[in-house]
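Residue numbers (our numbering), protein chains in the order written: chain A, 402 to 694; chain B, 65 to 355.
The beta carbon of each residue, even a glycine, is placed where N, CA and C say it ideally should be.
These notes are about the structure you will find just below.
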């Protein structure tokens, strides 16, 4: 409580406080605000007409469509997995649970480039299934399926790790009540569990989607960079940049930066609706709780 | 270990006697689906790297990973990540402290912005940082006359990795700082401790586990980072070529065994490091818990 605070502390803390706030803001300004401003400034450096021309280019459009398509496949896959994993982990006790949680987090510890590499080793022409795929004329690597797979891999933990703590906090009293009143399992899930976890679910989807649309390393390795066909937005930014077409590169990049800002706004909104979400996502915290109990 | 605590826990979790034990359905379905999906997407593909590397033979594997260019890239990746994670620990602590303890204008906005590196695609971060620090960029223009070259040098790599790791330390520290009992500090102050003494002797010991976790997460992310680095690094072999880039280069030359060998070394080193940090963190937690 404010009234309980000691006056000595306040007087003494004043200069330090200003210094700390100033250095924090300077650090964040340098590392966060300036890069963000640079994206939009560079994108508009040659005027609004050049900007609009760059983002209405057919190749840019193809990249935008592919990015949307990949996210539209990868996110639902990880959503279904996230709900299933959270249900099993939050509602039941079983052996090896903490190992399972660690394994779910594994893709976070793997370099995106290695995430791409593993799918080349599996489905590339010299890969384990390379011969089979060639015989059946199926292209995975250097085609859209490879991009989708690599994206699913790097975004694998996002929804599960947001949902697990949310479902754990909710317990299973509500479900047990519904079931004892005669609801079936599916009815209980759709009418009781889902409304309870909807904000957490949205939160996970939002973060998963941002990463899915923005993934570069993993997708770059498996894409083959075929313009108009296997080029996602981040890859298109790279190509334009390497061609010294900076205005166009930053124009497409500015769309991705807008996506990031919308994601942050949505995230803040969801945290305002449900303050627990801020903590639910904190990796350190759930690990500590896990180990303390 | 802490047996009495565990006993209480078990009691609290025993279901009420009226209900049968496993009344909530779907255990088999959800756990089964989780295991199958996890195996198909993560475990089997990841094991492919290790199995492929076994096929290389030890001598060939050793030749690949001890090549000077590979060693230089690994040293650079791990070294630059270490420096970046250390910078993030220092400034992350200041940022988290300021956000938890003080009020200032636009604080909510600043707080939300901390997650920008999570949300901004790495390629966008890469070209933005390069534009800033290039010799003709906003920041590069004033740094170059001072003899400080950032873009296309290892320093640029550190900058990019600092950006990427920034949220990890802040976000792991924030909840711990919020839970910290302020009365302990006030007690220290009334007992005559200076603000600095109170911080070093009272607050810092409680923050160690979270600091270590934040450091570990920032470090692990930085070691594997690719997108934000390749634009600013200059990518000169032996000088500014990171290990993930060398994997990509080998893949582009169809040198799959070379790429696999480097990948295995990176995976083993990062897993070992995470386990080490986990153990250290458990040790710090248990020590803190005993007190």
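Following the DSSP letters along the chain, one finds residue 591 (chain A) in no alpha helix (DSSP H), marked with neither H nor E.
A residue is called buried once 16 or more other Cβ atoms fall within 10 Å of its Cβ, and residue 200 (chain B), having fewer, is exposed. Shown here for residue 301 (chain B): same chain residues with a beta carbon closer than 7 Å to its own, the five before and five after excluded, namely 133 in chain order. A direct Cα-Cα distance of roughly 19 Å separates residue 151 (chain B) from residue 203 (chain B).
With respect to chain B, the C-beta atom of residue 557 (chain A) has a partner C-beta closer than 7 Å. Taking all protein chains shown into account, residue 643 (chain A) has fewer than 16 neighbouring C-beta atoms within 10 Å of its C-beta and is therefore exposed. Residue environment for residue 600 (chain A): buried (at least 16 other C-beta atoms within 10 angstroms of its C-beta). Shown here, residue 306 (chain B) sits in coil according to DSSP, grouped into three states, outside any helix or strand. With a threshold of 16 other beta carbon atoms within 10 Å, residue 305 (chain B) meets it and is buried. Taking every protein chain shown into account, the CB of residue 238 (chain B) has 16 or more other CB atoms within 10 angstroms, so this residue is buried.
Within the region 222-271 of chain B, the complete alpha helix (DSSP H) runs of at least 4 residues fall at 246-254, 259-262.
Under the three-state reduction of DSSP, residue 628 (chain A) is assigned to coil, being neither helix nor strand. Nearest C-alpha to residue 469 (chain A) among A:668, A:656, A:673: A:656. Assigned with DSSP and collapsed to three states, residue 299 (chain B) falls in coil, not helix or strand. Residues of the same chain with a CB within less than 7 Å of the CB of residue 328 (chain B), apart from the 5 flanking positions on each side, are 113, 114, 117 in chain order.
Interface criterion not met: the Cβ of residue 498 (chain A) is under 7 Å from no Cβ in chain B.
Neighbours of residue 116 (chain B) across chain A, judged by C-beta separation under 7 Å: 522.
Distance from the CA of residue 451 (chain A) to the CA of residue 441 (chain A), rounded to the nearest whole angstrom, comes to 13 Å.
Looking only at A:591, A:462, A:555, A:505, the smallest Cα-Cα distance to residue 609 (chain A) is reached by A:555.
For residue 97 (chain B), the enclosing alpha helix (DSSP H) has its first and last residue at 91-102.
Under the three-state reduction of DSSP, residue 159 (chain B) is assigned to helix.
Not one beta carbon of chain A lies nearer than 7 Å to the beta carbon of residue 225 (chain B). With distances taken between CA atoms, residue 455 (chain A) lies nearest to A:651 out of A:668, A:661, A:667, A:651. Cα atoms of residue 513 (chain A) and residue 505 (chain A): separation of roughly 16 Å, rounded to the nearest angstrom.
Identification of chain A residues near residue 199 (chain B) by a Cβ-Cβ cut-off of 9 Å yields none; the smallest Cβ-Cβ distance measures about 15 Å. Selection B:339, B:226, B:100, B:303 evaluated against residue 285 (chain B) yields B:226 as nearest (Cα-Cα).
At least one C-beta of chain B is nearer than 7 Å to the C-beta of residue 435 (chain A). In this structure, the straight-line span from the alpha carbon of residue 195 (chain B) to that of residue 671 (chain A) is close to 33 Å. Rounded to the nearest whole angstrom, the CA to CA distance from residue 215 (chain B) to residue 510 (chain A) is 27 Å. The beta carbon of residue 125 (chain B) is closer than 7 Å to those of 117, 325 in its chain, skipping five residues each way along the sequence.
Per the coordinates, the alpha-carbon of residue 619 (chain A) lies some 23 Å from the alpha-carbon of residue 437 (chain A). Within the same chain, and ignoring the five residues on either side of residue 171 (chain B) in sequence, the residues whose Cβ sits closer than 8 Å to its Cβ are 163. For the options A:678, A:638, A:662, A:661, the alpha carbon positioned closest to that of residue 463 (chain A) is the one of A:638. Three or more beta-carbon pairs separated by less than 8 Å link the region 466-485 of chain A to the region 552-567 of chain A, which places the two stretches in contact.
Among the residues facing chain A, residue 208 (chain B) is not included, as its CB has no counterpart in that chain under 7 Å away. In its chain, beyond the 5 residues on either side, no residue has a beta carbon closer than 7 Å to the beta carbon of residue 457 (chain A).
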